[in-house]
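> Those protein sequences? They're chains W and P, same order as listed. Per numbering that gives the first Met the number 0, residue 0 is the first one in the first sequence, and the count goes up by one each step. Per numbering that gives the first Met the number 0, residue 0 is the first one in the second sequence, and the count goes up by one each step. Just so it is clear, CB atoms sit at the ideal spot from N, CA and C, and this is done for glycine as well. Below you'll find the structure I mean.
Protein chains: 2
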Amino acid sequence: MRNASKTSDDILACARSLIVIGGYNGFSYADIAGVVGIRKASIHHHFPAKADLVRTLVARYREEAREGMAAIESHRSDPVEQLRAYTGYWETCIADATAPICVCALLASEIPILPDEVVLEVRAHFRALSAWLATVLERGEQMGQIDLVAPPQAEAELFMATVHGAMLSARAYDKPEMFGAALAPLLGRLIVQN
Amino acid sequence: MRNASKTSDDILACARSLIVIGGYNGFSYADIAGVVGIRKASIHHHFPAKADLVRTLVARYREEAREGMAAIESHRSDPVEQLRAYTGYWETCIADATAPICVCALLASEIPILPDEVVLEVRAHFRALSAWLATVLERGEQMGQIDLVAPPQAEAELFMATVHGAMLSARAYDKPEMFGAALAPLLGRLIVQN
DNA sequence: GACAGCCTACCTATCAGAAGGTAGGCATAT
DNA sequence: ATATGCCTACCTTCTGATAGGTAGGCTGTC
């Protein structure tokens, strides 16, 4: 509880749930005020401008993502298991509508109209995620569990892009199961059969 | 020239170029009016509501996509060549910023806040594109040029998702070449080497 | 050929509501 | 007594949308 009050947390949580629905321009301070139960002006007290709110929101999202990756790293040592834990996490989120899509994937599509500060956070998330995936894939290859046809970083970019695209498909078809379905043939190729 | 005046065409073209920048809520009638050189009210004369404009815009986009697929089908008979023509098309569009992202991929991310009529068009595009990709992949497999590990339709969903995700990555990194780079390892796996 | 009737395309003017944001007041807690 | 958290009350600008009007072009009828 180092720098965040309860209300500020509520505002961020609410903004996140609204932003995954319709993006940066898809929600307003009034929407948040209605849900959290305070006035518009009070949100400005915590986050002077919308850009501050969203930058903080994405920064916190990234922190949680880091924690998630660390948790996977510490709970499972098997690279294939780690990959499955990652995709399984999203499969669950999308299925139960906890988080129907990755905040940064959605914001990436709107980058040209996003405040610079937010763009930097989104870009940093892409870099961090693909970097982690690259280490997992590389270790899997070294252990003979994963079959790569390109350098780990390139394979990681493919993997991340597929995950993001699968999120779009699940949304477009309005079929949560489409996420796992679109991903399956890639996992089938990556994972060495025995 | 069956049902569209010059001005109406201009409005649609302008709206499309604006929508790929920032999505449904990322542009306004005022923006279009400024570019096309008419008044806001005149746009309402052609398209009573914003939903009408965007539905028409996406419908036309889909028609062009159909023509594009037909053109690829008629100019090249080789499935691998057809796949490369498709990805190459987007590679060019993204590189020269003609169309930095697929209209429907972008709109898919905002589906929960889109008018129903628009959602139906976007969904139809996803279905049509994946269906076409499935036929290409299937024929490639039959000819021994493409290596599938799942049914053609499932592989098509993977391929489409990867293309869309790669568009997001190109945008997030602000590196057009990331589109082709993210796609390469998948093409490497799909295309049978000899 | 002239008139009426109707259509298309655009205009000005205006609207109500929502947007993000500001100024200043009043409690409570430290 | 100073800072925090939230409030009321505004403001400005933008949003999609409407009303009502004008100019010009067809078409049919007398």
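Can a CB atom of chain W be found closer than 7 Å to the CB of residue 50 of chain P?
Taking the second sequence and counting its residues from 1, the one referred to as residue 50 of chain P is at position 51. Not an interface residue.
> Please return the same chain residues whose Cβ sits closer than 7 Å to the Cβ of residue 84 of chain W, not counting the five positions on each side in sequence.
The sequence position of residue 84 of chain W within the first sequence is 85, counting from 1. Answer for residue 84 of chain W: 71, 75, listed in chain order.
> Taking just the CA atoms, how far does residue 184 of chain P sit from residue 158 of chain W?
Counting from one through the first sequence, the residue named residue 158 of chain W turns up at place 159. Counting from one through the second sequence, the residue named residue 184 of chain P turns up at place 185. C-alpha separation (whole angstroms): 10 Å.
> Please state if the CB of residue 154 of chain W and the CB of residue 50 of chain W are separated by a distance shorter than 7 Å.
In the first sequence, counting from the first residue as 1, residue 50 of chain W sits at position 51. In the first sequence, counting from the first residue as 1, residue 154 of chain W sits at position 155. Using a Cβ distance threshold of 7 Å, residue 50 of chain W and residue 154 of chain W do not count as a contacting pair.
> Starting from residue 110 of chain W, find everything on chain P with Cβ-Cβ shorter than 8 Å and list it in chain order.
Reading the first sequence from its first residue, position 111 is the one you call residue 110 of chain W. Within chain P, the residues near residue 110 of chain W are 170, 171, 173.
> Going along the chain, which unbroken runs of the alpha helix (DSSP H) with 4 or more residues stay wholly within the stretch 44-131 of chain P?
Counting whole runs of 4 or more residues, the stretch 44-131 of chain P contains the alpha helix (DSSP H) stretches 49-74, 78-94, 102-108.
> Could you tell me how far apart the beta carbons of residue 107 of chain W and residue 171 of chain P are, in whole angstroms, since I believe they sit closer than 8 Å?
Start at 1 with the first residue of the first sequence, and residue 107 of chain W comes out as number 108. Start at 1 with the first residue of the second sequence, and residue 171 of chain P comes out as number 172. Yes, they are in contact, since the Cβ atoms of residue 107 of chain W and residue 171 of chain P sit about 4 Å apart, within 8 Å.
> List the whole-angstrom C-beta distance separating residue 25 of chain W from residue 109 of chain P, where the pair is believed to meet the contact cut-off of C-beta under 8 Å.
Along the first sequence, read from residue 1 onward, the residue named residue 25 of chain W stands at position 26. Along the second sequence, read from residue 1 onward, the residue named residue 109 of chain P stands at position 110. Between residue 109 of chain P and residue 25 of chain W the Cβ distance is about 7 Å, and since that is below 8 Å, they are a contact.
> Just to confirm the assignment, what range does the alpha helix (DSSP H) spanning residue 9 of chain P have?
Translated into the one-based positions of the second sequence, residue 9 of chain P becomes position 10. Its alpha helix (DSSP H) spans residues 5-21.
> The ligand COA heavy atoms versus the CB of residue 138 of chain P: any closer than 6 Å?
This structure does not include the ligand COA; it has no bound ligands of any sort.
> Looking at chain W, is there any beta carbon in it that lies within less than 7 Å of the beta carbon of residue 139 of chain P?
Reading the second sequence from its first residue, position 140 is the one you call residue 139 of chain P. Output row for residue 139 of chain P: interface = no.
> Please report the residue range of the alpha helix (DSSP H) in which residue 188 of chain P lies.
Here residue 188 of chain P refers to the residue found at position 189 of the second sequence. Unbroken alpha helix (DSSP H) run through residue 188 of chain P: 176-189.
> Would you mind working out which of W:53, W:64, W:168 sits nearest residue 23 of chain W, comparing C-alpha positions?
For the purposes of this step, residue 23 of chain W is identified with residue 24 of the first sequence, where counting begins at 1. Here the closest residue by C-alpha is W:53.
> Residue 145 of chain P bridges to which residues according to DSSP?
The residue you call residue 145 of chain P lines up with position 146 of the second sequence. Paired residue(s): P:190.
> Note down the Cα distance separating residue 87 of chain P from residue 35 of chain W, rounded to an integer number of angstroms.
In the second sequence, the residue the question calls residue 87 of chain P occupies position 88. In the first sequence, the residue the question calls residue 35 of chain W occupies position 36. Cα to Cα, residue 87 of chain P sits roughly 48 Å from residue 35 of chain W.
> Listed from N- to C-terminal order along the chain, which residues in the stretch 63-85 of chain W have their beta-carbon within a distance smaller than 9 Å of any beta-carbon of chain P?
none
> Considering only C-alpha positions, which residue in the set W:140, W:39, W:89 is nearest to residue 29 of chain W?
Walking along the first sequence from the start, residue 29 of chain W turns up at place 30. The option with the nearest alpha carbon to residue 29 of chain W is W:39.
> If you draw a straight line from the alpha carbon of residue 151 of chain W to that of residue 139 of chain W, how long is it in whole angstroms?
Translated into the one-based positions of the first sequence, residue 151 of chain W becomes position 152. Translated into the one-based positions of the first sequence, residue 139 of chain W becomes position 140. If I take the Cα positions, the gap works out to 10 Å.
> In the structure shown, what three-state DSSP assignment does residue 172 of chain P receive?
As a working note, residue 172 of chain P is residue 173 in the second sequence. Residue 172 of chain P falls in the helix class under three-state DSSP.
> Starting from the C-beta of residue 199 of chain P, find all residues in its chain whose C-beta is less than 7 Å away, skip the five residues before and the five after it, and write them out in chain order.
Because chain P in this structure spans residues 0 to 193, residue 199 of chain P falls outside the shown range and cannot be described.
> Do we get a CB-CB distance below 7 Å when we pair residue 193 of chain W with the residues of chain P?
As a first step, residue 193 of chain W is located in the first sequence; it is residue number 194 there, counting from the start. Taking Cβ atoms only, chain P never reaches closer than 7 Å to residue 193 of chain W, which makes this a no.
> Would you say residue 97 of chain P faces chain W, with C-beta separation under 7 Å as the test?
Indexing the second sequence from 1 puts residue 97 of chain P at position 98. False, the Cβ-Cβ gap to chain W never drops below 7 Å.
> If you drop the 5 nearest sequence neighbours on each side, which residues of the same chain put their C-beta closer than 6 Å to that of residue 81 of chain W?
In the first sequence, residue 81 of chain W corresponds to position 82, counting from 1. Excluding sequence neighbours, residue 81 of chain W sits near 71, 75, 135.
> Under 8 Å Cβ-Cβ, which residues of chain P neighbour residue 33 of chain W?
Working through the first sequence from its first residue, we reach residue 33 of chain W at position 34. Within 8 Å of the CB of residue 33 of chain W, no CB atom of chain P is found; the nearest one sits about 16 Å away.
> For a contact defined as C-beta to C-beta under 7 Å, what are the partners of residue 163 of chain P on chain W?
By one-based count along the second sequence, residue 163 of chain P stands at place 164. Within 7 Å Cβ-Cβ: 164, 167.
> Who are the neighbours of residue 153 of chain W on chain P, taking C-beta pairs under 9 Å?
For the purposes of this step, residue 153 of chain W is taken as the residue at position 154 of the first sequence. By Cβ distance, chain P contributes 180, 181, 183, 184.
> Whole angstroms are fine: how far does the CA of residue 104 of chain P sit from the CA of residue 167 of chain W?
Residue numbering aside, residue 167 of chain W sits at position 168 when the first sequence is read from its first letter. Residue numbering aside, residue 104 of chain P sits at position 105 when the second sequence is read from its first letter. If I take the Cα positions, the gap works out to 7 Å.
> Excluding the 5 residues flanking residue 124 of chain P on each side, which residues of the same chain have their C-beta closer than 8 Å to its C-beta?
Working through the second sequence from its first residue, we reach residue 124 of chain P at position 125. Counting only Cβ-Cβ distances below 8 Å, and skipping sequence neighbours, we find 57, 60, 61, 64, 103.
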